[in-house]
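Numbering-wise (full-length UniProt numbering), the sequence shown opens with residue 1 and increments by one.
By construction, the Cβ of each residue, glycine as well, lies at the ideal position given by its N, Cα and C atoms.
Comments concern the structure below.
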Amino acid sequence: MTASIPLNYPVQLGIAYLFLVGYLVRTLFVSVRLPASVGVIVTGFAFSYFFQADIFFARDVLQELAFFLVLLTAGLEIRLQDLKPYIFMMALLPATCELLAIAVYGHFVMGFTVVEGLVLGTVLVAIGDGLVIPKMKEFGVHFPGHPMPRLVFIWAPLEASFALTLFGTLVGLSAPASQPDIDFSLVAIANVIRFIATLLAGALLGATSGWIIPRRTKLTFSGHQVFTGAPVESFLLVLAVALCAFGIGAGEAGEELVPMGFSPGSLFQPELLVIVTGTCFAAVADRQVLHDVDTVMGGVWVFGQLILFSMLGSRTSLGIFPQLLHVLPVIAVGLSCRFAGIFLSIGLALLTGASGHPFQRSMIVHDTLFCFLSTIPRATIQGALGSVPVTQRFFQHCPHQHNAQDWIFTAARLYIVCMSICGMILLNTFGPLLCDATSSRPHWDCCQELEAEEALAVEMQQFDAEQLPEVASREVGNVQAALEVLAKRFSVSREAVLGALRMAAACEPNGLLAGAVEDREQLLLTRTVSEPAEQLSKAQEVILEGARLPRTRHGRLPARYPTRGLALVQFECTGAMLAEAPREPAGCSRGPSGESAEAADRLQAEDLPIANRWL
């Protein structure tokens, strides 16, 4: 039984089916605790039997745009300080182990050439970031601060970029019909240049837009503000910049907007360029702008997931399933080496004491299983690359080129069906159990905070109080005098005054607390001189903990966790979860762990009466 040819009925009906039926099936699957993405994939598979003609011919573009939203979401979530060496090891070593295992199997068991085996491994190896990234966002909401979902969230787009970069390198070795013979050394040099150019261009676009967009409301004409400053406006501008980044790196072979010149292909890798642009934008932009973009992105992403998963499902055909018995050994070999690579990576991080790693020896089995389950779903890269060997007629110098082309295409489609559905069911079933079993561990940022506090402690031990500059001593004296005046004026203690000041600063959207202290040493000095630690209230401890965080070069506090809540994971959420979600207090942004909301509640309960008396 095969899918029918496209039908000529109104395109509006086809779109209505994708949105309405897809969302209803999504809701049904979520209600029975099955992955929402699997339900939409099934909807797309059913749609392939009455495909609307216009949607059929635009299927590749629609899937590419939905994948673009995945990349942008990942870029906005990744923080530069998260990119530790162990992250790259986790993203590259397991994928390399699986890729080489598949290539060796293809060469020695299936009779493929070395290049054919490497192309097969590269097409099949990449994690399905379009499936895994939203699921990690959901786990981040259910298990706030748990480091493992955050780890996989960061490594997923890095692994996808690695696979895409390697595939671009192998294209030059695969002898496509439209490409003349080229020197491999030129291909290698071109890929190095492409990688560097992509990083530089993405950093420039992201940092520039991150500086301009938050300041757009300052632009006036004839005394009137030009931009509205609305959240949808922020999202529109960010989306446009990211689309520009994606566009300048895209293009069919020979039609690149910015060609490499001495080697085939574009000067930029579009997928990596979007990720870098989003990451650099998030590093420079204000937290309020990021929160605005996140809120609008959450609604748009619901439509994006409906399109992405339904288009993936529409590529499935029942005619490929007889080949499943030949693909299962490849899956088994690849996943076995993937599991070994993950275990090896975690073990190396523990043995070497890699900076910032979240692993613990007692939880190494749980962490390995969670990371392994997170890498089983495959869809996006396989859908994007699986047909390339056929369409570009790879392996022109190989005697059995058609067998290799067709087999890679078939294997990619079977990976999409089997790995996406089975992988998401396994991840949806056992992922929460593994997270719950390892929840008694430090939060994601604890390692970075401990490193900063240890460095600060060393500096303070080396500090000689007798050499305190006269200006600093005078400033401390002025602070003490001001506290005394305020305490006497309102008949409260100095500690209560400090607590009220911190409460007011905590609710400032631009991180006013960071500007209230000149540096972390001054903060600790002020605390030591003017407030005994045992007299601090819980509310004051909450604010002081935030004050210990390092400041950015703009003088504002970085987010302890990304300012993302349920907006980006509502596709996988039930209505009850959204209805029961705590509301954030006005003026304060709430992270995924709800820490700011809880802190605000404690502040209001303990220090708000004092603040109302003198603020």
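- Taken through DSSP and simplified to helix, strand or coil, P259 comes out as strand.
- According to the DSSP secondary-structure assignment, T220 is paired through a beta bridge with Q225.
- Exclusion of the five residues before and after K84 leaves A354, S355, G356, H357 as the residues of its chain whose Cβ lies within less than 8 Å of its Cβ.
- Judged by their CB atoms, V274 and G210 are not nearer to each other than the 8 Å cut-off.
- In this structure, I127 is the residue among V30, I127, L237 with its C-alpha nearest to the C-alpha of R378.
- Judged by DSSP in its simplified three-state form, Q269 adopts coil rather than helix or strand.
- Ranked by how close their Cα comes to the Cα of I133, the residues A91, L71, L186, V125 have L71 in first place.
- Your pair A404 and F112 checks out as a contact, with CB atoms roughly 6 Å apart and the cut at 8 Å.
- For the options E64, D60, W301, the alpha carbon positioned closest to that of K137 is the one of W301.
- Of the candidates L243, V330, L348, I154, I154 places its Cα closest to the Cα of Q81.
- Sequence-distant Cβ neighbours of R361 in its own chain, meaning closer than 7 Å and more than five residues away, are L350.
- Under the DSSP assignment, I78 falls outside any alpha helix (DSSP H); it carries neither an H nor an E label.
- Beta-bridge analysis with DSSP links L7 to Q52.
- For the beta strand (DSSP E) assignment, the stretch 379 to 436 encloses no uninterrupted run of at least 3 residues.
- Around the beta carbon of G223, fewer than 16 other beta carbons sit within 10 angstroms, so the residue counts as exposed.
- For the pair Q63 and M311, the Cα-to-Cα distance works out to about 6 Å.
- Bounds of the alpha helix (DSSP H) holding L350 are 324 to 352.
- The alpha-carbon of C422 is positioned some 47 Å away from that of R215.
- With distances taken between CA atoms, T391 lies nearest to S174 out of V115, I87, S174, L124.
- Between L205 and V258, the gap from beta carbon to beta carbon reaches 8 Å or more.
- Between A74 and I381, the C-beta gap is not smaller than 8 Å, which leaves the two residues out of contact.
- In this structure, DSSP gives P214 a helical state, which the three-state scheme calls helix.
- The residue among I331, V365, L325 with its C-alpha nearest the C-alpha of L344 is V365.
- Proximity to L414 across L373, L324, V333, A482 peaks at L324, based on C-alpha coordinates.
- Below 8 Å, too few C-beta pairs join the stretch 370 to 377 and the stretch 42 to 62 to call them touching: fewer than three.
- For F139, the enclosing alpha helix (DSSP H) stretches over residues 129 to 142.
- For the pair D367 and T438, the CB atoms are nearer than the 8 Å cut-off.
- For the set I376, D406, T375, the Cα lying nearest the Cα of V388 is the one of D406.
- With respect to the C-alpha of G313, the residue from A412, F262, M363, A340 having the closest C-alpha is A412.
- For the options V417, P231, A207, the alpha carbon positioned closest to that of G319 is the one of V417.
- In this structure, DSSP gives G117 a helical state, which the three-state scheme calls helix.
- For R79, the closest C-alpha among the options A282, R315, R489, S420 is that of A282.
- In this structure, F235 lies away from M148, with their beta-carbon atoms at least 8 Å apart.
- By the Cβ rule, the stretch 24 to 31 does not count as touching the stretch 285 to 293, because fewer than three pairs are nearer than 8 Å.
- Contact between V123 and G202 does not hold, since their C-beta atoms are separated by about 25 Å, which reaches or exceeds 8 Å.
- The residue among Q269, D436, R489, L219 with its C-alpha nearest the C-alpha of S161 is Q269.
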